[in-house]
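Under full-length UniProt numbering, think of the first position of the sequence shown as 1, with each following residue one higher.
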Amino acid sequence: MTASVESGRSYDTVQLRVPAVLRQEPQQEPEPEAPSERKGGRDRYFDLLRALALVRVVFYHNFGWFWLPLVFPSMGVMFALAGALMTRSLSRPALGVIRGRLRRLLPPMWLFGAIMITLQIVDGWGPDSEGHPNWWWSKLAFWILPLSTPPYGEELAGFSGLQHHVEQTWAAQVIVPLWYLRAYLWYVLFSPLMLWALRKFPVVTLFTPLAVVIVMNTFFVDQDFLYGRVWETANDFTMFGSCWILGMAHQEGLLKKIPQYVVPSIAPLIMVAGFWYLQSRPVDPTEPTDIEAWPIAQALWSLGFVAILLHVSPSWKQWPRPLERWNGLVSLLNARAVSVYLWHQVALVVAVPLIDPLWGVPFVYRNLQWLLASQWFTLLVAIPLVGLLVLTFGWVEDVAAKRSPRLLPYPRRQRGRRRAAD
Numbered sequence: 001m002t003a004s005v006e007s008g009r010s011y012d013t014v015q016l017r018v019p020a021v022l023r024q025e026p027q028q029e030p031e032p033e034a035p036s037e038r039k040g041g042r043d044r045y046f047d048l049l050r051a052l053a054l055v056r057v058v059f060y061h062n063f064g065w066f067w068l069p070l071v072f073p074s075m076g077v078m079f080a081l082a083g084a085l086m087t088r089s090l091s092r093p094a095l096g097v098i099r100g101r102l103r104r105l106l107p108p109m110w111l112f113g114a115i116m117i118t119l120q121i122v123d124g125w126g127p128d129s130e131g132h133p134n135w136w137w138s139k140l141a142f143w144i145l146p147l148s149t150p151p152y153g154e155e156l157a158g159f160s161g162l163q164h165h166v167e168q169t170w171a172a173q174v175i176v177p178l179w180y181l182r183a184y185l186w187y188v189l190f191s192p193l194m195l196w197a198l199r200k201f202p203v204v205t206l207f208t209p210l211a212v213v214i215v216m217n218t219f220f221v222d223q224d225f226l227y228g229r230v231w232e233t234a235n236d237f238t239m240f241g242s243c244w245i246l247g248m249a250h251q252e253g254l255l256k257k258i259p260q261y262v263v264p265s266i267a268p269l270i271m272v273a274g275f276w277y278l279q280s281r282p283v284d285p286t287e288p289t290d291i292e293a294w295p296i297a298q299a300l301w302s303l304g305f306v307a308i309l310l311h312v313s314p315s316w317k318q319w320p321r322p323l324e325r326w327n328g329l330v331s332l333l334n335a336r337a338v339s340v341y342l343w344h345q346v347a348l349v350v351a352v353p354l355i356d357p358l359w360g361v362p363f364v365y366r367n368l369q370w371l372l373a374s375q376w377f378t379l380l381v382a383i384p385l386v387g388l389l390v391l392t393f394g395w396v397e398d399v400a401a402k403r404s405p406r407l408l409p410y411p412r413r414q415r416g417r418r419r420a421a422d
């Protein structure tokens, strides 16, 4: 097993093998808000994009397919949707909006952190683990307000007292993806300033984060010139900053003010630039090049992809007929987006030691080795675990949003609604 949070790390990737591959992100975050609402109603198109982004994150973390971020760059999409939603909310006083966003984001993370910190301590993590006891205690503050990545034990015993213990880097696998919540928090804090700048200098504001991430990763690739946490936070913020601002521009109606041919003409060129940069990197020729490991390529590809999605944006008030059957699942994923993002990595990690005992069953070993070694089987085991974890802890999202707690926020189907609308 390997886990990396240094330079060149994949932004939603942590790799695990035996018998599955988990890739950290990413990564998520899914969107720490309720589903997008625009002009007084739900935008089903945005709901669908957020649900697809969540599903893609889970698949990428399990399979690690390098082409998935190219087919659908989930992180850029989720940040763009969040930027649009934040802009709509900023019609109200900014301080109250920021406080509301923090209220939605932090309680689910606090519950997750309380459980993860407890498990790490049980597994041997503590003030003496890193050789700096006082610094260890101070870093725990990032579990309260994630201005930087919350601390974790990079290598633990893996609950070795159990017959089938988990990997020693289990904490890195389930905690490192919290970079998404950290980046989201900084976007929320800077959104009033970014919205002001967007209204004054739209083109400059949109492309400033992209320019900064290019400069940082071209001329200052050695992260040692800055304290690692500062670099990590700035790099993530600038890499997807243009996507967030593009979502704000969409909500402001700025994209509609430019000729219709501009976005379809320029966005593919931006994506081509990102793909060219990716292919020009010096990498192992025997391994596929993963865009998640290259911030400049990731930023360019995500920006172009998101621009096309927002240009198409049909703003559905009701589902098109072919998609009506997915209303329940899409609504559930949107209502529990934070919980799915936080807990799906735990499910994928736990699935491995649950599968391991089957190797000791003679019949299974003789006839079903292909199944036990399959990453699809790991996903099949993990999905009900995700459901169980979301059922157990998802109610915190309702409390954070000042709603009545619900065990399963699956919408009831309203018969005849479409016929009545027609």
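Glycine included, every Cβ here is placed at the ideal spot set by N, Cα and C.
Which parts of the region 58 to 138 are runs of the alpha helix (DSSP H), unbroken and 4 residues or longer, counting only runs that do not cross its ends? 68 to 71, 74 to 89 and 94 to 122
Where P150 and L310 are concerned, what is the direct C-alpha to C-alpha distance, given to the nearest angstrom? As a first step, residue 150 is located in the sequence shown; it is residue number 150 there, counting from the start. As a first step, residue 310 is located in the sequence shown; it is residue number 310 there, counting from the start. Computed Cα separation, rounded: 33 Å.
R403, DSSP secondary structure in three states: Position 403 of the sequence shown, counted from the first residue, corresponds to residue 403. DSSP places R403 in coil when its eight states are reduced to three.
Through-space distance from I144 to L111, alpha-carbon basis: Reading the sequence shown from its first residue, position 111 is the one you call residue 111. Reading the sequence shown from its first residue, position 144 is the one you call residue 144. Cα to Cα, the separation comes out at about 10 Å.
Assuming the contact rule is C-beta atoms closer than 8 Å, G83 and W244 should be a hit. Round their C-beta distance to whole Å, please. Counting from 1 along the sequence shown, the entry for residue 83 is found at position 83. Counting from 1 along the sequence shown, the entry for residue 244 is found at position 244. Their Cβ separation, rounded to whole angstroms, is 4 Å, which keeps G83 and W244 in contact under 8 Å.
Using CA atoms only, rank isn't needed, just tell me which of V174, S148, S138 and F305 is closest to E154. As a working mapping, residue 154 is identified with position 154 in the sequence shown. Of V174, S148, S138 and F305, the residue nearest in Cα terms is V174.
Pull up the distance between the alpha-carbon of V176 and that of L102, whole angstroms please. Position 176 of the sequence shown, counting from 1, holds the residue named residue 176. Position 102 of the sequence shown, counting from 1, holds the residue named residue 102. In a straight line, the C-alpha of V176 is about 20 Å away from that of L102.
With a CB to CB cut of under 6 Å and the five nearest residues on each side skipped, what residues in its chain are close to F305? Counting from one through the sequence shown, the residue named residue 305 turns up at place 305. Once the five neighbours on either side are set aside, the close Cβ partners of F305 are P73.
Over what stretch of residues does the alpha helix (DSSP H) that includes V176 continue unbroken? One-based indexing of the sequence shown puts residue 176 at position 176. Run containing V176: none; DSSP gives neither H nor E here.
Starting from the Cα of L255, find the closest Cα among S280, V312 and I270 and give me that residue. For the purposes of this step, residue 255 is taken as residue 255 along the sequence shown, with counting starting at 1. Comparing Cα positions, the closest option is V312.
Under a three-way DSSP split, which group does K317 fall into? Counting from 1 along the sequence shown, the entry for residue 317 is found at position 317. Correct three-state label for K317: coil.
What do you reckon, are the CB atoms on V340 and L329 nearer than 9 Å? Indexing the sequence shown from 1 puts residue 340 at position 340. Indexing the sequence shown from 1 puts residue 329 at position 329. Cβ atoms of V340 and L329: not closer than 9 Å.
Could you spell out where the alpha helix (DSSP H) holding R336 opens and where it closes? Here the question's residue 336 lines up with position 336 in the sequence shown. Taken as a continuous stretch (DSSP letters only), R336 belongs to no alpha helix (DSSP H), as it is neither H nor E.
Going straight from the alpha carbon of L407 to that of D47, what length do you get? For the purposes of this step, residue 407 is taken as the residue at position 407 of the sequence shown. For the purposes of this step, residue 47 is taken as the residue at position 47 of the sequence shown. One C-alpha to the other measures close to 20 Å.
For H61, which option in P322, G124, W343 and V396 has the closest C-alpha, if you only look at C-alpha atoms? Position 61 of the sequence shown, counted from the start, is the residue given in the question as residue 61. Nearest option by C-alpha distance: W343.
Using 8 Å for Cβ pairs, my map puts A249 next to L303. What's the rounded Cβ distance? The count along the sequence shown starts at 1 and reaches residue 249 at position 249. The count along the sequence shown starts at 1 and reaches residue 303 at position 303. Contact doesn't hold; Cβ gap of about 12 Å is too wide.
My output table needs one value for H250: the three-state DSSP class, helix, strand or coil. As a first step, residue 250 is located in the sequence shown; it is residue number 250 there, counting from the start. H250 falls in the helix class under three-state DSSP.
In whole angstroms, what is the alpha-carbon distance linking V350 and A401? Here residue 350 refers to the residue found at position 350 of the sequence shown. Here residue 401 refers to the residue found at position 401 of the sequence shown. Near 29 Å, if we compare the C-alpha coordinates of A401 and V350.
Do F240 and A299 have their C-beta atoms within less than 9 Å of each other? For this step, residue 240 is matched to residue 240 along the sequence shown. For this step, residue 299 is matched to residue 299 along the sequence shown. Yes, the pair counts as a contact, with Cβ atoms nearer than the cut-off.
Assuming F237 and A171 make a contact with CB atoms under 8 Å, what is their CB distance in whole Å? As a working note, residue 237 is residue 237 in the sequence shown. As a working note, residue 171 is residue 171 in the sequence shown. Between A171 and F237 the Cβ distance is about 24 Å, and since that is not below 8 Å, they are no contact.
Run through DSSP, which three-state label would T218 get? One-based indexing of the sequence shown puts residue 218 at position 218. T218 falls in the helix class under three-state DSSP.
List the endpoints of the continuous alpha helix (DSSP H) containing F305. Here residue 305 refers to the residue found at position 305 of the sequence shown. P295 to V312 is the span of the alpha helix (DSSP H), which, as asked, contains F305.
First and last residue of the alpha helix (DSSP H) that includes W376? Here residue 376 corresponds to residue number 376 of the sequence shown, with the count starting at 1. Segment Q375 to F393, the alpha helix (DSSP H) holding W376.
So the candidates are V396, V386 and S404; which of them puts its Cα closest to the Cα of V55? Position 55 of the sequence shown, counted from the first residue, corresponds to residue 55. V55 has its Cα closest to that of V386, out of V396, V386 and S404.
Check each candidate in G64, R88, L52 and V71 and name the one with the smallest Cα separation from G253. As a first step, residue 253 must be located in the sequence shown, where it is residue number 253. The shortest Cα separation from G253 among G64, R88, L52 and V71 belongs to R88.
Hey, would you say S191 sits closer than 9 Å to M78, going by beta carbons? Taking the first residue of the sequence shown as position 1, residue 191 is located at position 191. Taking the first residue of the sequence shown as position 1, residue 78 is located at position 78. Contact flag unset, no.
Using a Cβ-Cβ cut-off of 7 Å (strictly less than) and excluding sequence neighbours within five positions of L358, which residues of its own chain qualify? Taking the first residue of the sequence shown as position 1, residue 358 is located at position 358. So the qualifying residues of the chain are V364 and L372.
Roughly how many angstroms lie between the CA atoms of V5 and R92, to the nearest whole one? Here residue 5 is taken as the residue at index 5 of the sequence shown, counted from 1. Here residue 92 is taken as the residue at index 92 of the sequence shown, counted from 1. Model confidence at V5 stands at a pLDDT of 36, short of 50, so the residue's coordinates are unreliable; what they give is reported in the following sentence. For V5 and R92, the distance between alpha carbons rounds to 38 Å.
What would DSSP say about F201, mapped onto helix, strand or coil? Locating residue 201 in the sequence shown gives position 201, where the first residue counts as 1. Coil.
On the three-state DSSP scale, how would you describe H344? Here residue 344 corresponds to residue number 344 of the sequence shown, with the count starting at 1. Looking at H344 - three-state DSSP - the assignment turns out to be helix.
Consult DSSP for I270 and reduce its assignment to one of helix, strand or coil. The count along the sequence shown starts at 1 and reaches residue 270 at position 270. Of the three classes helix, strand and coil, the one that applies to I270 here is helix, per DSSP.
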